[in-house]
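In our numbering, the protein residues as written are 484 to 684.
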């Protein structure tokens, strides 16, 4: 099991990363909350990882902190939540807000997440309630809404649109929803979350 990578960030095309470690480049999939907190290309990066082994591929997932990885590992144990769904969910809500939703038995909040219907939301409330204490981490209380400095409103929108497309949405659909939810002053991650919430309604 590959549990941690420390290397040079070569590509950051959320949710896909390329990290070079001693001459070997690793493809890593990461939630958008991780992608937007990484350093510039060419800089050193440290990722906590989880390797998913399938019959047709080995897929490496990366996370900026322990709370994200722990939540990912708990989510993929829930019936109906696979690795891809877990990454999308982590891209749509931060760890702290997810814990609050579980603790508050907030079915409506969970149902607003992309790909989460009523039955899956109910399973999350039941199965995750007992798991929270296993992985709850002080880092979850940190503010995860960080955005690269100096981005214009258009650049923020372009980053959010690229992220939506990488998650499987059509370009026209992504552009339309971003225009609907666009608000000056939002960073890329905040804009993306509003778009994902709108698309899930």
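Backbone N, C-alpha and C fix where the C-beta goes; we use that ideal spot for every residue, glycine too.
Note that this is a predicted model, so its numbers are computed, not measured.
Check residue i in the structure and name its three-state DSSP category.
i	result
residue 508	strand
residue 546	strand
residue 673	helix
residue 606	helix
residue 521	coil
residue 666	coil
residue 596	coil
residue 578	helix
residue 660	helix
residue 536	strand
residue 620	The predicted position of residue 620 is uncertain, since its pLDDT is 43 and thus under 50; a value taken from the coordinates is nonetheless stated next. Three-state result, residue 620: coil.
Sort the options by Cα distance to residue i and report the nearest one.
i	options	result
residue 660	668, 670 and 676	676
residue 485	541, 532, 598 and 605	532
residue 529	575, 540, 542 and 513	513
residue 666	520, 612 and 639	639
residue 523	539, 491 and 668	491
residue 608	557, 566 and 565	557
residue 521	600, 655, 613 and 497	497
residue 502	527, 517 and 519	527
residue 652	598, 606 and 669	598
residue 555	642, 536 and 569	569
residue 564	602, 549 and 583	602
residue 610	578, 580 and 562	562
residue 614	567, 642, 580 and 560	560
residue 540	654, 511, 579 and 550	511
residue 499	580, 543, 600 and 505	543
residue 670	642, 654 and 600	642
Closest Cβ-Cβ distance between residue i and chain D: below 8 angstroms?
i	result
residue 572	Looking for chain D here will not work: only one protein chain is present.
Within a Cβ cutoff of 7 angstroms, which residues of the same chain sit near residue i, ignoring the five residues on either side of it in sequence?
i	result
residue 596	572, 575, 576 and 683
residue 552	531, 533 and 546
residue 588	608
residue 606	561, 562 and 563
residue 633	At residue 633, the pLDDT of 45 sits below 50, so the modelled position is not reliable; the number obtained from the coordinates is stated separately. Excluding residues within five positions, none has a Cβ falling inside 7 angstroms.
From the DSSP output, read off the bridge partner residues of residue i.
i	result
residue 496	499
residue 529	489
Leaving out five residues on either side along the sequence, give the residues of the same chain with a beta carbon under 6 angstroms from the beta carbon of residue i.
i	result
residue 664	677, 678 and 681
residue 657	644, 647 and 648
residue 604	590, 593 and 594
residue 494	501
Could you name the residues of the same chain whose beta carbon sits closer than 8 angstroms to that of residue i, not counting the 5 residues immediately before and after it, in chain order?
i	result
residue 487	529, 530, 531 and 532
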